[in-house]
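Below: one structure, written as structure tokens.
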Amino acid sequence: MKKIITLLLILLSINTTAFASQIQNISADAALKKLKTGNKNFSQMHLHHPDVSKKRLYEIEKGQHPFAIIISCSDSRVPPEIIFDQGLGDLFEIRNAGNVFDDHVVGSVEYAIVHLGVKLVMVLGHQDCGAVKATIAHNHESKYIESLTNFIEPSVEKAKNQKGTLCDNAVKNNAIAVAKNLIESDSIIDDYVKHHNVKIVPAFYNMHTGLVELIEDKNGKQ
Numbered sequence: 009m010k011k012i013i014t015l016l017l018i019l020l021s022i023n024t025t026a027f028a029s030q031i032q033n034i035s036a037d038a039a040l041k042k043l044k045t046g047n048k049n050f051s052q053m054h055l056h057h058p059d060v061s062k063k064r065l066y067e068i069e070k071g072q073h074p075f076a077i078i079i080s081c082s083d084s085r086v087p088p089e090i091i092f093d094q095g096l097g098d099l100f101e102i103r104n105a106g107n108v109f110d111d112h113v114v115g116s117v118e119y120a121i122v123h124l125g126v127k128l129v130m131v132l133g134h135q136d137c138g139a140v141k142a143t144i145a146h147n148h149e150s151k152y153i154e155s156l157t158n159f160i161e162p163s164v165e166k167a168k169n170q171k172g173t174l175c176d177n178a179v180k181n182n183a184i185a186v187a188k189n190l191i192e193s194d195s196i197i198d199d200y201v202k203h204h205n206v207k208i209v210p211a212f213y214n215m216h217t218g219l220v221e222l223i224e225d226k227n228g229k230q
């Protein structure tokens, strides 16, 4: 009995990330390629609608294995499965107005990386974002709206000194800020980026063309 208890204590002391690193999932580059291909299909309106069937419905009843995490705005015009031409169980989505950063977002990303083995995180901003426009207009009509605009405000201020459209630049700055905050605020996510081939990429969705483009940060990295 003593040996059994000792063994259980040893197992309980092992960090769960040791198990998570063994989870099989496609690489970040392969995941990004799938997203790009799906988005091209969507922009050209040649949708394949993969993984939308009764068979797929029964498959994912046993468990989920999404290949990418998408942090995006709640805007009804930007549904990730549709603009990336994906189906049931393909994307792990985290959505809120303005795709802003908070503890719930961090916890959700951490869960998908550690327990589902997802290697790619995309922070997706979009053209004509209402939350960003509210920030530009200094719309603080409630403490809840203000919780969104307070986070976006630094991205708007930065955009005022950049060439181009104020709103679009602020959206892109915000996506970059969220991507950086994910790494800087959470040691587990940071460890997976450094040692387990996880990638976090900011991106921008053009509602006119239907295309998603990766955003380069100030160091020229994507």
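When you read off a place in the sequence shown, starting at 1, and then add 8, the result is the number in the numbering used here. Yeah, the Cβ is synthetic: ideal placement off N, Cα and C, and Gly gets one too. Keep in mind it's a predicted model, so treat the numbers as computed, not measured.
In the DSSP assignment, Lys42 falls within the unbroken alpha helix (DSSP H) covering 36 to 51. By the criterion of at least three beta-carbon pairs nearer than 8 Å, the segment 135 to 149 is not in contact with the segment 92 to 103. Taking a cut-off of 8 Å on C-beta distances, the segment 47 to 61 does not touch the segment 110 to 128, as fewer than three cross pairs fall below it. Per the coordinates, the alpha-carbon of Val126 lies some 27 Å from the alpha-carbon of Gln135.
Shown here for Phe50: same chain residues with a beta carbon closer than 6 Å to its own, the five before and five after excluded, namely Ile91, Asp93, Gly218 in chain order. DSSP places Ala185 in the helix class (H, G or I) of the three-state scheme. In terms of Cβ geometry, Met130 and Val209 form a close pair [threshold 8 Å].
Sequence-distant Cβ neighbours of Gln170 in its own chain, meaning closer than 6 Å and more than five residues away, are Asn177. Sorting Ala211, His216, Met215 by C-alpha distance to the C-alpha of Asn107 places Ala211 at the top.
Taking a cut-off of 8 Å on C-beta distances, the segment 151 to 158 does not touch the segment 58 to 78, as fewer than three cross pairs fall below it. The Cβ neighbour count for Pro88, taken over all protein chains shown within 10 Å, is at least 16; the residue is labelled buried. By the neighbour-count criterion, in which a residue is buried when 16 or more other Cβ atoms sit within 10 angstroms of its Cβ, Tyr213 is buried.
Note on Lys202: under 16 other CB atoms within 10 angstroms of its CB, so exposed under the neighbour-count rule.
CA-to-CA, the gap between Leu65 and Phe100 works out to about 16 Å.
Spanning the alpha carbons of Lys62 and Gly172 requires a straight line of approximately 46 Å.
Taken through DSSP and simplified to helix, strand or coil, Ile196 comes out as helix. Just measuring C-alpha positions, the residue of Gly46, Gln32, Val117, Ile78 sitting nearest Ile191 is Val117. In this structure, Ala105 places its C-beta atom within 8 Å of the C-beta atom of Leu156. Around the beta-carbon of Leu43, 16 or more other beta-carbon atoms lie within 10 Å, marking it buried. Between Cys81 and Ala142, the C-beta gap is not smaller than 8 Å, which leaves the two residues out of contact. In the DSSP assignment, His123 falls within the unbroken alpha helix (DSSP H) covering 111 to 124.
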